[in-house]
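Engineer: This is the structure, below, for whatever I ask next.
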Amino acid sequence: MHFKWNYTPPAAEQENAAKDLGEKLGINPILASLLIRRGITTESAAKRFFRPQLADLINPFLMKDMDAAVDRLNDAMGHKERILVYGDYDVDGCTAVALVYKFLRQFYSNIDYYIPDRYDEGYGVSKKGIDFAKETGVKLIIILDCGIKAIEEITYAKEQGIDFIICDHHVPDEVMPPAVAILNLNGLMTAIHSKNFAAAEWASSLCKHLLKTTTYHSHDSFLCLISALSA
0 MHFKWNYTPP
10 AAEQENAAKD
20 LGEKLGINPI
30 LASLLIRRGI
40 TTESAAKRFF
50 RPQLADLINP
60 FLMKDMDAAV
70 DRLNDAMGHK
80 ERILVYGDYD
90 VDGCTAVALV
100 YKFLRQFYSN
110 IDYYIPDRYD
120 EGYGVSKKGI
130 DFAKETGVKL
140 IIILDCGIKA
150 IEEITYAKEQ
160 GIDFIICDHH
170 VPDEVMPPAV
180 AILNLNGLMT
190 AIHSKNFAAA
200 EWASSLCKHL
210 LKTTTYHSHD
220 SFLCLISALS
230 A
């Protein structure tokens, strides 16, 4: 298979802007050009991009269904229910699973994680994964980086007495799965307009909100973790 690439050289104005930004930051103009293409055009914006701070994280209270997600999670922990952190098999999903699992393990032990087999189960929520949850006594699944279109699978889980909290940054269909809470950027945010958020950021937002509202207490190390993964 052969591909034909259509390349448009940068205009002189773009080259000058990249050179100027590169000199201010002490980086190669090519890297500066990539920053500019991402909308990062000033020295201060570039520094925030390379050195994110906790203050740069989104406010989790702005996300629709966050309260419902945290209430259900608190309820599960209060009743000692078994929780399964379920994520996609790619880097984004695995990172999100690691973040949420590590956070919850700090103060709750009845928890497990699940990464579906790429070849045996395919992308997204699988009935095999739900059956695993049922067999191991899971009552709540936190699904990360997928699930927004898994209507049939989540309906099946609900019939098995398993609730879902969905944290997914992909575009949903008009009909949503019957989850207790759906944390999704598209149409469910009230004050954030950028679409460049990964699943790890939704995961960190869930944990950050839980940290603010739960009766359990975590450690400062977690705040450093979400700063690194979600910025």
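Quick note on numbering that gives the first Met the number 0: the sequence shown kicks off at 0 and runs consecutively. Positions of the beta carbon are idealized from the N, C-alpha and C atoms, including for glycine. No experiment lies behind these values; they were computed from the predicted model shown.
Which residue's Cα is closest to the Cα of V235: D144, T41, T154, D162?
Structural biologist: The shown model of the chain, from 0 to 230, leaves out residue 235, and the question about it has no answer.
Engineer: Leaving out the 5 sequence neighbours to the left and right, which residues in its chain are closer than 8 Å to D111 when beta-carbon positions are compared?
Structural biologist: R81, I82, L83, V84, T135, V137
Engineer: Please return the same chain residues whose Cβ sits closer than 8 Å to the Cβ of G186, not counting the five positions on each side in sequence.
Structural biologist: Annotation note: pLDDT 46 at G186 (below 50); position unreliable, coordinate value reported separately. Excluding positions up to five away in sequence, the list reads P171.
Engineer: What are the start and end residues of the beta strand (DSSP E) that includes G86?
Structural biologist: For G86, the enclosing beta strand (DSSP E) covers residues 81 to 86.
Engineer: Report all residues from its chain with a CB closer than 7 Å to the CB of P115; omit the five preceding and five following residues, and keep chain order.
Structural biologist: Y88, S125, G128
Engineer: Look up E137 in the DSSP assignment and say whether it is helix, strand or coil.
Structural biologist: Residue identity check: residue 137 is Val in the sequence provided, not Glu. Here V137 sits in strand by DSSP.
Engineer: Report yes if the C-beta distance between P51 and S32 is below 8 Å; otherwise report no.
Structural biologist: no
Engineer: Looking at the unbroken alpha helix (DSSP H) that takes in A54, where does it start and where does it end?
Structural biologist: For A54, there is no enclosing alpha helix (DSSP H), as DSSP marks it with neither H nor E.
Engineer: So, are the CB atoms of A149 and G121 less than 8 Å apart?
Structural biologist: no
Engineer: On the DSSP letters alone, give me the boundaries of the alpha helix (DSSP H) that I29 sits inside.
Structural biologist: 28 to 36
Engineer: If you compare alpha carbons, which of I26, I35, V69 is closest to I165?
Structural biologist: Checked all of I26, I35, V69; the closest Cα to I165 is V69.
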